[in-house]
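Going down the list, the sequences are from chains A and B.
At position 30 of the first sequence (counting the first as 1) the number is 30 in the UniProt record's numbering, and the numbers step up by one without a gap.
At position 224 of the second sequence (counting the first as 1) the number is 224 in the UniProt record's numbering, and the numbers step up by one without a gap.
A short write-up of the structure that comes next.
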Amino acid sequence: MELTKEHILTLLEEVKDPEIPVLSLVDLGVITGVEISEDEHVTVNMTPTFAGCPAMDYMKKDVERTLDKHGISKHTVIMSFDKPWDSNKISDKGRQHLKEFGLAPPPKYNMVLDLDILEYATCPYCNSDNTSMRTPFGPTLCRSMHYCNDCRQMFEQFKPL
Amino acid sequence: MNEQAIKDLLYKLADDQLILGHRNSEWTGFGPILEEDIAFSSMAQDKIGHSLAFYTLLHELGEADPDTVAFTRNANQFHNSQLVELPNGEYDFSLIRHFLYDNAEIIRFEMLSQSAYEPIAKVAMKLKGEVKYHVLHANTWIKNLGSSTEEAVLRLQSSLNEALPYALGMFEVSKYEQELIDAGVYAGEEAVKAEWLQRIQTVLDKTELTLPDLASITPKFGGRYGEHTEHLQPLVEEMSEVFKIDPTAEW
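This is the structure we're talking about:
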């Protein structure tokens, strides 16, 4: 089979966020580029969501394992801040998967991420906007904790960044 | 660009993050309420991740690898400000330190994201978004507690008075200061400090706390040049204890 960027991206759909198993790394937006050289060496560029995310090394190894599994032995996976991740990079499909998983997707924002956006969240259970942030620090670095004043449930949001 | 000047800047950024990260991690299991235990633990994780990003840039400039740099130096080789090495104390002290430190750090990252030195600009661009949450957290609690009960206000005011000379030490200029400014690396410590004063004053104005008269305070300098309080060496020993048992271990 001919190696193409699209083909590699389809394979990488298999690799999920280890802490949110419904979300692929491609939909999360941490795969920032795929290059294939003339001698079929595949280079995958990745960027961490949060700089201190303990899962990034695991994700990188998972990408390498997946490429190996599909017979792509010549590969290099590079983790860098060259194209920094932000939450707008999560795809629409990724947002839908997050919501079905019970995690509020981060609101999309235009250029400036201000306090209103950091504190804003739509309840993933009842879609109410009548919610309040309890703490910006949840069970993982990428999640914050919110309370829905309508359905009266705590919920988590994937933080806007 | 003078590589020594860049290294000096990277060391102070990285060491501040590493040391405060470790102090924050000491709240794990001891927070006054569960959410604060988690908040300080999360900020610890962020800050240690941030120090790794800066130590990695140092490694690319020929310094030892990040673990070696982080865990094999003695206190007098650290470039962190004395503010970050002080013991956690009671929660009010940790909260005040967090407020004073993170409001300065975000300004530093905002400025450095425009830096003429591209590797720093890339990392700072990334980190400033994360530190936003630390600032949001600190400012929210200062506003809430700083205008609550008499005891809370008294405790916070006393911690603010105690921490401020050390906080001013964050802005101790490096011997390469003018060089870094001239090269467009960043606008320099005086510029960071001026902006910092405005931002913390805006928050304090919403509370019953007052910023002591800065003219009457002698800043605690020395940290950027390896002069530290008695508290740093024991901290460095504790945080490097596991690494030193077997520096060649693979994790």
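All residues carry an ideal CB built from backbone N, CA and C; glycine is no exception.
- Distance check between P136 of chain A and each of A:N127, A:C126, A:P106 places A:P106 closest, using alpha-carbon atoms only.
- Taking a contact to require three or more Cβ pairs closer than 8 angstroms, the segment 205-223 of chain B and the segment 162-172 of chain B qualify as touching.
- Shown in chain order are the members of the segment 118-143 of chain B whose Cβ falls below 8 angstroms from a Cβ of chain A: K122, V123, M125, K126, L127, G129, E130, K132, Y133, L136, H137.
- For G94 of chain A, there are no C-beta contacts with chain B under 9 angstroms, since the nearest C-beta of that chain is about 19 angstroms from it.
- Neighbours of A39 of chain B in chain A, taken as residues whose beta carbon is under 8 angstroms from its own, are T135, P136, F137 in chain order.
- Pairing G52 of chain A with K89 of chain A gives a Cβ-Cβ distance that is not under 7 angstroms.
- Unbroken beta strand (DSSP E) stretches of 3 residues or longer found wholly inside the UniProt domain "PaaD zinc beta ribbon" (121-159) of chain A: 131-135, 143-148, 154-158, given in chain order.
- N74 of chain B: not part of any alpha helix (DSSP H); DSSP gives it neither H nor E.
- For T202 of chain B, the enclosing alpha helix (DSSP H) starts and ends at 189-204.
- Neighbours of F155 of chain A in chain B, taken as residues whose beta carbon is under 8 angstroms from its own, are absent, since the nearest beta carbon is some 15 angstroms off.
- Taking each of A:V26, A:I78, A:T131 in turn and checking the Cα distance to E6 of chain A, the smallest one comes out for A:V26.
- Here S91 of chain A has D27 as same chain residues with Cβ atoms under 6 angstroms from its own Cβ, once five neighbours each way along the sequence are excluded.
- In the DSSP assignment, the residues bridged to K16 of chain A are A:S24.
- Across the set B:E250, B:H231, B:F243, B:A249, the C-alpha of B:H231 shows the shortest separation from the C-alpha of N76 of chain B.
- M43, Q45, D46, K47, I48, G49, H50, L52, A53: these are the residues of the segment 43-74 of chain B whose beta carbon lies less than 8 angstroms from some beta carbon of chain A, given in chain order.
- DSSP, reduced to helix, strand and coil, places A152 of chain B within a helical segment of the structure shown.
- Judged by DSSP in its simplified three-state form, G184 of chain B adopts coil rather than helix or strand.
- In this structure, the beta-carbon distance from A39 of chain B to G21 of chain B does not fall below 7 angstroms.
- Chain-order list of chain A residues neighbouring E35 of chain B: R134, T135, F137, M145, by C-beta distance under 8 angstroms.
- With contact defined as three or more Cβ pairs closer than 8 angstroms, the segment 198-208 of chain B and the segment 146-166 of chain B are in contact.
- Listed along the chain, the chain B residues whose CB falls inside 8 angstroms of the CB of L115 of chain A are L136.
- Under the three-state reduction of DSSP, T76 of chain A is assigned to strand.
- The beta carbons of V185 of chain B and Y117 of chain B sit closer together than 7 angstroms.
- Distance from the CA atom of A138 of chain B to the CA atom of E13 of chain A, rounded to whole angstroms, is 38 angstroms.
- R152 of chain A is classed as exposed because its beta carbon has fewer than 16 other beta carbons within 10 Å across all chains shown.
- Judged by beta-carbon spacing, L180 of chain B lies within the 7 angstroms limit of A5 of chain B, meaning their Cβ atoms are closer than that value.
- The residues A121, A124, G184, V185, Y186, in chain order, have a CB closer than 8 angstroms to that of S115 of chain B in the same chain once the five nearest residues on each side in sequence are set aside.
- Under the criterion of beta carbons closer than 8 angstroms, L103 of chain A and F50 of chain A do not qualify as touching, at roughly 15 angstroms.
- Ranking B:F99, B:H79, B:I48 by CA distance to the CA of R199 of chain B puts B:F99 first.
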